[in-house]
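The opening residue of the sequence shown carries number 40 in my numbering; numbering runs sequentially from there. We put the CB at the ideal spot given by N, CA and C, even for glycine. From a predicted model like this one, the values you see are computed outputs, not experimental measurements. Remarks on the structure that follows.
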Amino acid sequence: MNYSAGGSPLLARANGAIYNVIIFALILIGLVTLVYFLIKKYKSSHQTPEWLEAEKTRSTKPADVKRFCSEYNFSKKEQDLLWEMCHACDFPNIYYSFHSLDKITELFFKYYNLLKEKGFTEDKLFDFFSLRGKLEKARSRTSKLSSTKNILEETTVFYINKDREQFPFTLVKNDKNFLKLEIPGFFENYPQKPKELERILFTFKSSTGMTYNFVSRVIRYEKIEDKLYMFIAHSHNLNTQAQRQYQREFINDACTFSAVNVNNVKKQAEYVASPKKFPAQLKNISAGGCCIHTKLPIKENQLLCVYFPSLGINEMTIGQIKHTRKAGEGIYALHIQFIKINKAVMNQIFAFVYKFEL
């Protein structure tokens, strides 16, 4: 098009090309303005309580799983399994529902029953339990507590003494001025019983799975109907612990262990467990390790073969002692990391920790 207006104002006004450009510009501005208001209206309609509620309750779509897994750094394999579970169980929008521990627990139990009906391999079951742990870690990162005033009643709070031994207390009342903990009766005459006004260390796991440490001062003790209570002050300084790779479960049951010899066969380590077994007490366990109490002061870095008959595990599980500490008069706590354990045994431990029946 020839946009030259010519040599005079009269010729310029007679040139229709200029008017076409102006009209085109006005139409373009109108379209951009219309699109802007349509997008604004669309966004505002997607922020209403009704829309958000509908989003939360509708069935999960592949896009929801992809968005969730991208945000929380899940692998493609984990994404595929999560979609398979949500689709098979008609699970409500995972992006919102994963914040609810009850809903996630229900999802895993439903899918687990489906797996049992179809039959599953140890690899499939291992991926299933691993995904459960990954979801719990994602949940724990979404909300952190800033004060003990936010701890839910009935939470188990562990008192940690100077020997790093843990004692489970139960939070029976969370008052604005104090925490009321029900403590074991033997603490009334316990030699290391904390004194009133003494500052002591506690640890607990929140409903999201995050583990916290805090220091608090003992206010007083009280005995009511043969139950002993400890009243402690609130703390606004909660420190989070680095999350373990696998969730652990506290237990107090008998187990046994034996020494291990290592033979190198064709450049591969072959572990040989001694037939002589020693009694011990299992204090906690996860798919990655355990803590046992024994009367033997075994040094760190030693290898042990541990057996857990109370969990139905009698196979050889090899672990290395990462830390040894005194846990009382003549008692030693051995913190063991598993270094040779098959998936079937890990799945049995997962089932125990997450309360599934194999």
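Asked                                                                                                                 : Found
Range covered by the beta strand (DSSP E) that runs through Y371                                                      : Y371 to K379
L191 - DSSP class collapsed to helix/strand/coil                                                                      : coil
Reduced DSSP category for R259 - H, G, I as helix; E, B as strand; rest coil                                          : strand
Beta-ladder partner(s) of F289, from DSSP                                                                             : N323
CA-to-CA distance, A312 to N303, given in whole angstroms                                                             : 14 Å
Residue interval of the alpha helix (DSSP H) (run including L140)                                                     : L140 to K157
Rounded separation between T195 and R178 - CA only                                                                    : 19 Å
Counterpart residues of G358 in DSSP-defined beta bridges                                                             : L343 and F377
Cβ-Cβ distance between G327 and F377 below 8 Å                                                                        : yes
Between the CA atoms of I357 and E156 - distance to the nearest angstrom                                              : 33 Å
Proximity winner among V74, M269 and D162, relative to F206 (alpha-carbon distances)                                  : M269
Closest Cα partner of F395 within the set R259, L350, K315 and P131                                                   : L350
Coil, strand or helix - C128 by DSSP                                                                                  : coil
For K322 and I290, believed in contact at Cβ under 8 Å, the rounded distance                                          : 7 Å
Buried versus exposed, by CB contacts within 10 Å (16 or more), E309                                                  : exposed
One or two residues paired with C294 in a DSSP bridge                                                                 : A319
Of the residues H275, I143 and Y260, the one placed nearest K232, counting alpha carbons only                         : Y260
Reference I258; option with closest CA among L170, K244, S245 and R238                                                : R238
Residues of its chain near Y371, where Cβ-Cβ distance is below 8 Å and the 5 sequence neighbours each way are ignored : H332, T333, K334, L335, P336, I337, T363, R364 and K365
Backbone secondary structure at A366 - three-state DSSP                                                               : coil
Residue from A102, F241, Y251 and K316 whose Cα sits closest to the Cα of F208                                        : F241
Counted within 10 angstroms of its Cβ, other Cβ atoms place S114 as buried (16 or more) or exposed                    : exposed
Which residues DSSP lists as bridging V392, in chain order                                                            : Its beta-bridge partners do not exist; DSSP assigns none.
Which listed residue (D141, A127, P131 and I133) has its alpha carbon closest to that of L154                         : A127
Proximity below 8 Å, CB of R97 to CB of N132                                                                          : yes
Closest residue to F107 among L73, T181 and D166 (Cα-Cα distance)                                                     : T181
Span separating the alpha-carbon of M40 from that of F63                                                              : Annotation note: pLDDT 46 at M40 (below 50); position unreliable, no value reported.
C-alpha gap between I199 and Y75, whole angstroms                                                                     : 60 Å
Extent of the continuous alpha helix (DSSP H) to which F107 belongs                                                   : P101 to E110
For K212, the three-state DSSP class (helix, strand or coil)                                                          : strand
Bounding residues of the beta strand (DSSP E) (the contiguous stretch that carries K219)                              : L218 to I222
C-alpha gap between R287 and T72, whole angstroms                                                                     : 57 Å
F241, enclosing beta strand (DSSP E) - first and last residue                                                         : R238 to K244
CA nearest to the CA of N300, picked from C294, Y251 and K315                                                         : K315
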